[in-house]
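Residue numbers (my numbering): 3 to 403. C-beta atoms are modelled at their ideal positions from N, C-alpha and C, and glycine is treated no differently. Some notes on the structure that comes next.
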């Protein structure tokens, strides 16, 4: 049974959602599932923009067949070759043997790596800035390498101002009838997933994203149609501004983020005291996470969100506690930078976590350690309260400027 949505009379949503998938890319938890967006343009020539993941291929193919209403499929524009968007290419070639695949040279190479059909026979190669006219619609192709794969491009329909943006401007979360961002409570229901999607999937490539945003700023965009999540047709500058903040590694919110690991509760007690001190000094935006209970993708996203961060860890086998070490390693891998941080360590017979944490943080760009490492031996003592007060003062100064 088909399930399509008309965006305009000749632009149709033919994608599908997957609520059964537990891990996106087999890494990131997605409790709300994910959508795989694909768009069909019914012009003098018919044009499909990207395909979907194999998991929803049946629904997708039914949607395409119904929307075509007996017409053949002339073009498939491939903006991104990750398998969650290219898994149905070979099936489409079988169903529509005259199909022309539109992509760049790197796209063609990747198709050959995934599939064994005669790619060159079907391939129409484009370069950055090239256009394709299909009748009323003309698609301009803008290359966006490393957002977040090297072959990525976006397609801008000059006839209506629609930007088919590949993985840019996407978000985790399955669609539930409402297709547009203005039809949902985006800030409350979707923003955290949008941030976590960007930071974890694309966040390492901030420079490349900024380059793409500069190109996008020159286009008269009326609608952004991503490959995941809702479509943007209103308040587009709001979401562009979010992307600019994330891509420039600026904090989104002034606030105190405390991430800790604890074994028997003593490190947790220390950060609880620290949080209370900060609250008494007027800080209201305080958020705390146990690194052992919260998925690292959430922690990475929250680190990108807040301006000032405390990392607290016990020493474990003379090393950083594993979950905290995993977080710091992930932050480094995502080019984390430009934050004020403080470090707390704990240990009974070896105090080495603080030194090792500081070394990892110092290797990141523009990470400012605003207070000396606070070392706790087994449990927080009364004589260390002044040191904790000094750390809270430094954190408050960071937040309040």
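State the DSSP-derived secondary structure class of residue i, mapped to helix, strand or coil.
i	result
residue 232	coil
residue 37	strand
residue 186	coil
residue 174	coil
residue 69	helix
residue 126	strand
residue 400	helix
residue 213	helix
residue 267	coil
residue 255	strand
residue 109	helix
residue 23	coil
residue 98	coil
residue 7	strand
residue 92	helix
residue 117	coil
Within 10 Å of its beta-carbon, does residue i have 16 or more other beta-carbons around it, so buried, or fewer, so exposed?
i	result
residue 243	exposed
residue 365	exposed
residue 203	buried
residue 195	buried
residue 351	exposed
residue 266	exposed
residue 89	buried
residue 122	exposed
residue 190	exposed
residue 325	buried
residue 184	exposed
residue 273	buried
residue 127	exposed
residue 107	exposed
residue 109	buried
residue 96	exposed
residue 84	buried
residue 387	exposed
residue 61	buried
residue 286	exposed
residue 25	exposed
residue 135	exposed
residue 53	buried
Out of the options, state which residue places its alpha-carbon closest to the alpha-carbon of residue i.
i	options	result
residue 304	291, 19, 315	291
residue 205	143, 173, 224, 343	173
residue 34	51, 193, 332, 75	193
residue 282	252, 142, 395	395
residue 101	110, 109, 125	125
residue 104	86, 85, 58, 129	129
residue 348	359, 119, 329	359
residue 310	277, 213, 178, 323	277
residue 367	334, 344, 378	334
residue 302	248, 143, 138	248
residue 177	312, 354, 15	15
residue 384	275, 24, 85	275
residue 86	380, 37, 256, 213	37
residue 72	98, 83, 81	98
residue 59	91, 312, 9	91
residue 138	131, 362, 11, 306	11
residue 141	223, 337, 30	223
residue 8	238, 354, 179	179
residue 306	392, 330, 284, 285	330
residue 251	237, 298, 269, 308	308
residue 147	135, 134, 136, 167	167
residue 56	181, 23, 356	23
residue 257	234, 341, 42, 153	341
residue 356	376, 119, 238	376
residue 2	294, 254, 344	The question about residue 2 has no answer, for the chain in this structure spans 3 to 403.
In this structure, what does DSSP give as the bridge partners for residue i?
i	result
residue 157	143, 166
residue 292	262
residue 321	318
residue 134	141
residue 43	13, 49
residue 226	165, 234
residue 367	339
residue 345	313
residue 331	In the DSSP output, where bridge partners are listed per residue, residue 331 has none listed.
residue 380	Beta-bridge pairing links residue 380 to no other residue.
residue 218	Bridge partners of residue 218: none, in fact.
residue 79	51, 104
- Message: Within 8 Å, do at least three Cβ pairs link the stretch 37–50 to the stretch 112–120?
- Response: The stretch 112–120, when compared against the stretch 37–50, does not touch it at the 8 Å Cβ threshold.
- Message: Count Cβ pairs between the stretch 4–17 and the stretch 56–73 that sit closer than 8 Å; are there 3 or more?
- Response: Three or more beta-carbon pairs separated by less than 8 Å link the stretch 4–17 to the stretch 56–73, which places the two stretches in contact.
- Within the chosen definition, does the stretch 396–403 reach the stretch 353–373 through at least 3 CB pairs nearer than 8 Å? The stretch 396–403, when compared against the stretch 353–373, does touch it at the 8 Å Cβ threshold.
- Query: Are the stretch 275–291 and the stretch 250–261 in contact at 8 Å, needing three or more beta carbon pairs?
  - Reply: Look at the beta carbons and you see the stretch 275–291 touching the stretch 250–261: at least three pairs across the two are nearer than 8 Å.
- Report yes or no: do the stretch 314–323 and the stretch 229–237 share at least 3 C-beta pairs separated by less than 8 Å? Too few Cβ pairs lie closer than 8 Å, so no.
- Would you be able to state if there are at least three C-beta pairs under 8 Å between the stretch 215–222 and the stretch 67–87? No, they do not touch.
- Within the chosen definition, does the stretch 16–30 reach the stretch 153–172 through at least 3 CB pairs nearer than 8 Å? Touching, no, given that fewer than three Cβ pairs across the two stretches are closer than 8 Å.
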